[in-house]
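> Have a look at this one.
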Amino acid sequence: MLEEAAAELFLEQSYDGTTIDEISTRAGVARTTFFNYFGSKGDLLWVELDAAIPRLRAALDAPEGPTPGLESVEAALSRVADGISAARVPWAIAHRDLMGTTAELQATGLARLLEVVDVIARHLSRREPTLGDAGARAAASAIAGAAMAGAAQWIGTGTARGPLADHIREAVQPVIVGWRARIGAVD
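Quick look at the structure:
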């Protein structure tokens, strides 16, 4: 309800032209209720990603199977992406020009991207010890960047976008292959 109210207002009067009070009023809730769900107006732009990060962490922290670390990251990203339907496209990203959300997306997106990098890097440090800490962070950064590119492609594809997981796999797989070649083939 808050997300929908915000999206309507962002389209009508832009992100910067919309206040939390206006969002709360449009949603029919008190301002304090807004803060029960969101820490800031910018958090409305990242609902799906903010929900996906703990799912990614849980998928990577699951009991280790025979899948090597790099490949298990790809599998975990795919599983998490499978849980995001095309009906949950982040409209503030898809319509950033109309809503005027570009600057806020840039300002608030980096912290979230770095959190994804941290989650992946910790996993790779455990599962691919030959990478070392710097290598795990570099690989995690490349994988997270590729996943972000895949998600952006999915968002921009329009109504024929298909499953998010397909776009994530297509973007991430070459990065996994490259890092696997760098550290050596799986025994």
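Residue 1 is where the sequence shown starts when you use the UniProt record's numbering, and the numbers rise one by one after that. Just so it is clear, CB atoms sit at the ideal spot from N, CA and C, and this is done for glycine as well.
1. Any idea what DSSP makes of Ile84, helix, strand or coil?
2. On the three-state DSSP scale, how would you describe Gln173?
3. Since Pro54 is in the alpha helix (DSSP H), which residue starts that stretch and which ends it?
4. Please specify which runs of the alpha helix (DSSP H), each continuous and at least 4 residues long, are wholly inside the segment 129 to 185, giving them in chain order.
5. Is the segment 127 to 137 touching the segment 74 to 92, taking contact as three or more C-beta pairs under 8 angstroms?
6. What's the C-alpha gap between residue 192 and Ile168?
7. Give a single yes or no on whether Ala139 has its beta carbon closer than 7 angstroms to a heavy atom of the ligand GTP.
Walking through what the data contain:
1. Ile84: coil per DSSP, three-state reduction.
2. DSSP places Gln173 in the helix class (H, G or I) of the three-state scheme.
3. Here the alpha helix (DSSP H) through Pro54 covers 47 to 61.
4. 132 to 156, 164 to 183, all fully within the segment 129 to 185.
5. The segment 127 to 137 makes no contact with the segment 74 to 92; the number of CB pairs closer than 8 angstroms stays below 3.
6. Coverage of the chain is limited to positions 1 through 187, which leaves residue 192 absent and any answer about it impossible.
7. Here there are no bound small molecules, and the ligand GTP is not part of this structure.
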